[in-house]
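Student: Here you go, one structure.
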Amino acid sequence: MNPVIDWLLDDETPEVKYRTMTELLGMSKDDPGVKKAYDKVLDSESLRGVMDKFTLKNKWEHINAYLALAEFGLTRDDVPIDEYLERSIRNMNMSTKCAKILFLRNLVSLGYNEHPWVREEIDLAFPTIRQDGSVRCLDKTKRTNDSKLKDMGCYRQTTTYLLLGAELKKKGIVLPQFDLLKTFYRDHDVLFHPESPGKIIIKEMAETFYPIDHVHIGLQMIMYGLSILGEADHPACSKAWALLDSKKNSEGKYILSESFEEPYFNVGFAGQPNKWVTLYVLLAERYRSLKQADPEHLTTD
């Protein structure tokens, strides 16, 4: 076995081990080893900490909880979260407007893609993608933003659409606006200003930030999304791949550039080799290779 894969399969991080087995290695959930890893996730301190967030009177903690569960590779069939969903939907308002698309991504991952509210919001969301593939900043009062894209394009928000699109594609759901998204990242060499090819649009998004939220999204996640949508093998992605590869140490493990001061689940320390970042890079490479083998590839489901 590859030593990096062995590292990801270490029992000390059952969530990473479970995702590695099921998504990276494509092992059946009926496999005895996978079942053992799954049981360890369900009995882990990490999962208990995430589930405790649903008891707090804080909608942002609830949003983070769904995100963490999606990252763990769990679904609504694995954890009792149905009872919390309607409350969370009611709490989605103008204060959480920028978080909605990533919230939808997490709900799709968790198995709620057929939920009426999720389906309706997805149907409303994707037509807002403009002809250049970007999404406009949701703050109508601003005259500029940190993306500095034309017509108030928001790179962060566009990337949440990319991640939502990737989760839908994994479910076998393909929308016409996916082509617009792919065009956007192709036209920007993934993350560069087209008029200044050496200028990164959002510097922190060229790093390996993890875990994510709707503002902080690492490059490994962008390449993961592009790989699932079948775009990561395009020549326009070469600079981004090279940049991501520069985050790798001599052992083939990827370094966590930065994280939250208090991450909503334990991911390790910045500046050190990180299993989650490494897993996402390897997943991106896996989906990229699937595209090379089968241009119509969809999924793990």
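Residue -15 in my numbering sits at position 2 of the sequence shown; the count goes up by one each step and never skips. Quick reminder that beta carbons are idealized off the backbone N, C-alpha and C, glycines included. Because the structure is a prediction, the values reported are computed rather than measured.
Would you check if the region 34 to 51 and the region 6 to 23 touch, i.e. whether three or more CB-CB distances between them fall below 8 Å?
Tutor: In short, these stretches do not touch, since the Cβ pair count stays below three.
Student: From the DSSP output, which residues share a beta bridge with I238?
Tutor: According to DSSP, which records beta bridges pairwise, I238 is partnered with P256.
Student: In chain order, what are the residue ranges of uninterrupted alpha helix (DSSP H) at least 4 long that sit wholly in the region 123 to 153?
Tutor: Whole alpha helix (DSSP H) segments, 4+ residues: 138 to 153.
Student: Between P246 and the ligand MN, is the CB less than 6 Å from at least one heavy atom?
Tutor: Because no ligand of any kind appears in the structure shown, any question about the ligand MN cannot be addressed here.
Student: Under a Cβ-count criterion, where at least 16 other Cβ atoms within 10 Å of its own Cβ denotes burial, should P(-3) be classed as buried or exposed?
Tutor: P(-3) comes out buried.
Student: With burial defined as no fewer than 16 other Cβ atoms inside 10 Å of the residue's Cβ, what is the status of P159: buried or exposed?
Tutor: So P159 counts as exposed.
Student: Between W(-10) and the rest of its own chain, which residues show a CB-CB distance below 6 Å, the 5 nearest in sequence each way excluded?
Tutor: Excluding positions up to five away in sequence, the list is empty.
Student: Is the beta carbon of K152 closer than 7 Å to that of D216?
Tutor: Going by C-beta atoms, D216 is not nearer than 7 Å to K152.
Student: Just mark T111 as buried or exposed, buried being the case when its beta carbon has 16 or more other beta carbons within 10 Å.
Tutor: So T111 ends up on the exposed side.
Student: Please look up how many angstroms separate the CB atoms of L239 and V264, rounded, as I've assumed it's under 8 Å.
Tutor: Between V264 and L239 the Cβ distance is about 12 Å, and since that is not below 8 Å, they are no contact.
Student: Please state whether DSSP places F192 in a helix, a strand or coil.
Tutor: In the structure shown, F192 sits in coil (DSSP, three-state: anything other than H, G, I, E or B).
Student: With a cut-off of 8 Å on the beta carbons, I'd call A108 and R169 a contact; round off their distance for me.
Tutor: That belief does not hold up - the Cβ atoms of A108 and R169 are roughly 21 Å apart, past 8 Å.
Student: Straight-line CA distance for N74 to D134?
Tutor: Rounded to whole angstroms, N74 to D134 spans 30 Å at the Cα level.
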